[in-house]
Amino acid sequence: MPTKSDTAHEFDSKTFLKRLTERPGVYRMLDAAGEVLYVGKARNLKNRVSSYFRKSGLSAKTEALVSRIAQVEVTITGSETEALLLEQNLIKSLRPPYNILLRDDKSYPYIYLSGHDKYPSLTFRRGRTRRAKGSWFGPYPSSGAVRESLNVLQKIFRIRNCSDSYFNNRSRPCLQYQINRCTAPCVGYISPEDYADDIRHATMFLEGKNPAILDDLMQSMETASQALEFEKAAIYRDQVNHLRHVQEQQSIEASGGDADVIAMAQDAGVVCVVVILVRGGRVLGTKDYFPRFSLEQSDAELLSAFLGQFYFGGDAQREFPREVLVPVDVEEQDVLSQALTEAAGREVRIRKNVRGERRRWLDLAATNAEQTLLTHLASKETVYRRLLALRDLLELKETPSRMECFDISHSHGENTVASCVVFDENGPLKSDYRLYNIEGVTGGDDYGAMRQVLTRRYTRIKSGEGKRPDLVFVDGGKGQLNVARDVFEQLGLSDITLIGVAKGVTRKAGMEQLIDALTDATFRVPSDSPALHLIQHIRDESHRFAITGHRARRDKKRRQSTLEGIEGVGAKRRRELIRYFGGIQEIKKASVTEIAKVRGISRGLAESIYAALHNE
118 MPTKSDTAHE FDSKTFLKRL TERPGVYRML DAAGEVLYVG KARNLKNRVS
168 SYFRKSGLSA KTEALVSRIA QVEVTITGSE TEALLLEQNL IKSLRPPYNI
218 LLRDDKSYPY IYLSGHDKYP SLTFRRGRTR RAKGSWFGPY PSSGAVRESL
268 NVLQKIFRIR NCSDSYFNNR SRPCLQYQIN RCTAPCVGYI SPEDYADDIR
318 HATMFLEGKN PAILDDLMQS METASQALEF EKAAIYRDQV NHLRHVQEQQ
368 SIEASGGDAD VIAMAQDAGV VCVVVILVRG GRVLGTKDYF PRFSLEQSDA
418 ELLSAFLGQF YFGGDAQREF PREVLVPVDV EEQDVLSQAL TEAAGREVRI
468 RKNVRGERRR WLDLAATNAE QTLLTHLASK ETVYRRLLAL RDLLELKETP
518 SRMECFDISH SHGENTVASC VVFDENGPLK SDYRLYNIEG VTGGDDYGAM
568 RQVLTRRYTR IKSGEGKRPD LVFVDGGKGQ LNVARDVFEQ LGLSDITLIG
618 VAKGVTRKAG MEQLIDALTD ATFRVPSDSP ALHLIQHIRD ESHRFAITGH
668 RARRDKKRRQ STLEGIEGVG AKRRRELIRY FGGIQEIKKA SVTEIAKVRG
718 ISRGLAESIY AALHNE
């Protein structure tokens with residue numbers, strides 16, 4: 118997700134960090150020539166990347182790295198585990214100079230179930246070897262996590278972890294039996310059939326097929342807690358967390374699949390297309406594009422045009438995947454799929470309705486497209502170009518340095534909230550955003566609500582509190598604009614340029630009508646105008662902020678805990694979530710896939726819970 122500064126060699130970290138997400142992911146630091154300098158992972162991208170741009174406390178190596186940064190790209194992942202595996206893939210393929218480079222795939226730790234006829238062992242291994250007869254589980258994020266999890270598995274299932282030569286030469290049980298970590302199959306203390314059951318249960322759990330084991334542990338935890346045996350309950354809780362960590366799906370390195378995963382995001386007259394490359398089940402990286410388009414094009418038409426140029430429009434030889442995953446139906450999909458099949462020399466399928474890992478890849482691409490578009494819209498280069506176009510459109514004497522926009526939100530006239538968003542030469546100025554609870558106005562009276570918020574806002578500015586704007590937008594038609602004009606005249610602020618933004622007859626994006634309060638003239642702007650894109654951005658941001666404020670006010674009284682107030686999460690499901698994870702903090706750390714593993718929680722509800730807990 119590239120973000121460029123105003124100069125070729127100095128990275129504008131302040132603008133970039135302003136809109137950077139706090140979700141987990143991978144970041145890539147590039148120099149002015151576009152070469153990757155460093156690849157890193159983060160549980161919280163914003164916090165991690167911000168640490169590189171502190172004014173003090175950096176090592177000499179880090180300072181040297183930061184001095185060469187010209188742009189930063191990020192890829193959002195579903196969890197910190199996925200971020201770690203993607204980081205490893207990128208380091209191996211890109212070999213950046215500031216990373217520690219490993220020689221081969223032996224950096225990946227695995228759990229290995231040996232191929233012994235009667236009594237197989239469960240051990241830690243680095244890297245897979247084809248000669249070894251047995252089963253492999255992994256790769257996992259770190260050796261420490263695997264060793265700790267194996268320790269827990271051996272406590273529960275008491276499976277041996279010794280070598281075959283040690284096992285074959287025992288005449289009496291070893292220390293592992295004495296501390297209840299092994300059932301001593303070496304001396305026949307357990308039958309091959311009972312041992313096979315333990316192996317089967319352990320294998321089922323490692324494959325994610327045995328939720329009954331977690332249920333038993335959680336029931337034991339509750340029983341111990343009710344008996345006031347809190348230390349024992351804490352041990353059960355830790356075991357559940359460790360076991361779930363081992364079981365976690367590794368979507369970045371799945372069982373297989375070669376696919377190009379496509380997602381689109383549109384806002385403020387700009388479309389962003391993100392392509393995620395998946396080869397052999399591994400996500401290798403992302404690439405983003407900002408194609409020019411006409412508002413008359415549907416998503417299907419736009420996606421079809423992009424795919425045609427992406428695969429056949431360039432001079433370079435394109436690698437064709439076995440699947441192209443898309444978010445919407447593609448226009449003339451059969452023709453495009455046939456062309457891809459002929460070019461690749463094998464079948465290439467274009468698919469929309471997918472499940473499992475492929476659905477997760479599509480969701481991941483959509484998240485990256487939205488974040489990339491937000492960063493693009495917030496870049497100084499984009500905002501400055503739009504400001505110049507807006508100045509020319511409205512025939513202003515100077516480029517506006519501060520713009521404000523107002524919108525009203527309510528539910529059938531109840532809990533009315535007004536928003537005021539502020540933009541300056543750097544884009545959204547969120548520190549100056551304000552929400553106003555509207556009181557004493559008849560429910561549903563948008564004119565009265567607009568009059569109240571404008572009076573409250575600009576009475577303070579008239580008295581010298583706050584900064585005076587150069588340009589004010591009101592979301593609405595002539596009715597709202599007339600109210601705003603009356604308020605400005607009463608307060609003696611008629612010199613501030615006042616513009617109404619009406620949706621137009623068709624109420625479609627790009628068909629907005631602008632109303633000048635000074636002349637009362639109504640006019641339209643070409644849909645590809647950068648000035649209109651800026652106005653749309655400001656208007657949409659005020660609308661979003663108003664809705665967010667209204668929902669917060671509406672839900673405030675009934676939301677007694679973090680989980681309460683989430684639609685579809687009643688007392689029973691809240692109890693299941695707390696039982697499964699052990700507390701609200703563990704729920705917040707979980708990915709959507711992990712939440713969906715809880716009894717009674719569907720994939721869609723898990724996504725709603727994740728979004729609510731992360732304020733998305």
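For the working numbering, count along the sequence shown from 1 and bump the result up by 117.
We put the beta carbon where it would ideally sit given N, CA and C, even for glycine.
Keep in mind it's a predicted model, so treat the numbers as computed, not measured.
Residue i, DSSP secondary structure in three states
i: T138; result: coil
i: P647; result: helix
i: E629; result: coil
i: G251; result: strand
i: R696; result: helix
i: P302; result: helix
i: I276; result: coil
i: F590; result: strand
i: V465; result: coil
i: P408; result: coil
i: G617; result: strand
i: L345; result: coil
i: Y229; result: strand
i: E521; result: strand
i: D377; result: strand
i: P258; result: Here the model assigns P258 a pLDDT of 49, short of 50, so the residue's position is not dependable and the matter cannot be decided.
i: S611; result: coil
i: A150; result: coil
Cβ-based burial, residue i [other Cβ within 10 Å; buried from 16]
i: S611; result: exposed
i: N532; result: buried
i: L147; result: buried
i: R277; result: buried
i: R354; result: buried
i: G581; result: exposed
i: S708; result: buried
i: L490; result: buried
i: I296; result: exposed
i: T403; result: buried
i: N470; result: exposed
Cβ shell of residue i (< 6 Å), same chain only, five flanking positions each side left out
i: A619; result: G594 and Q630
i: I307; result: T300
i: V686; result: L680
i: E127; result: none
i: A728; result: none
i: T458; result: E464 and V465
i: R140; result: I193
i: S252; result: L230
i: T614; result: L588
Rounded separation between residue i and residue j - CA only
i: S224; j: A648; result: Confidence at S224 is low in this model, with a pLDDT of 49, below 50, so the placement of that residue should be treated as unreliable; the coordinate-derived value is given next. Those two C-alpha atoms are separated by around 51 Å.
i: R720; j: M338; result: 26 Å
i: G717; j: R690; result: 7 Å
i: R298; j: E703; result: 28 Å
i: A495; j: H650; result: 12 Å
i: I701; j: M321; result: 28 Å
i: L505; j: S415; result: 29 Å
i: N554; j: L608; result: 21 Å
i: R475; j: L442; result: 8 Å
i: E606; j: L598; result: 12 Å
i: I316; j: E197; result: 29 Å
i: L323; j: L230; result: 11 Å
i: T639; j: G174; result: 56 Å
i: H731; j: A380; result: 22 Å
i: P517; j: D129; result: 22 Å
i: T572; j: K514; result: 27 Å
i: V604; j: G666; result: 24 Å
i: S210; j: E190; result: 16 Å
i: A344; j: M335; result: 14 Å
Neighbourhood of residue i by C-beta distance below 7 Å, restricted to the same chain and skipping five residues each side
i: D637; result: none
i: R245; result: Y227 and W253
Cβ-Cβ separation, residue j to residue i (assumed contact under 8 Å), whole Å
i: I208; j: V156; result: 5 Å
i: F437; j: A461; result: 4 Å
i: L453; j: G473; result: L453 to G473, Cβ: 24 Å. No contact.
i: G590; j: I652; result: A quick correction: the sequence has Phe, not Gly, at residue 590. Right, the Cβ-Cβ distance comes to about 7 Å (below 8 Å), so this counts as a contact.
i: I655; j: F523; result: Incorrect: roughly 10 Å between the Cβ atoms, too far for contact.
i: V445; j: A417; result: 6 Å
i: F284; j: L267; result: F284 to L267, Cβ: 17 Å. No contact.
i: V391; j: A482; result: 5 Å
Neighbourhood of residue i by C-beta distance below 8 Å, restricted to the same chain and skipping five residues each side
i: V395; result: G374, D375, A376, D377, V378, L401, P438 and W478
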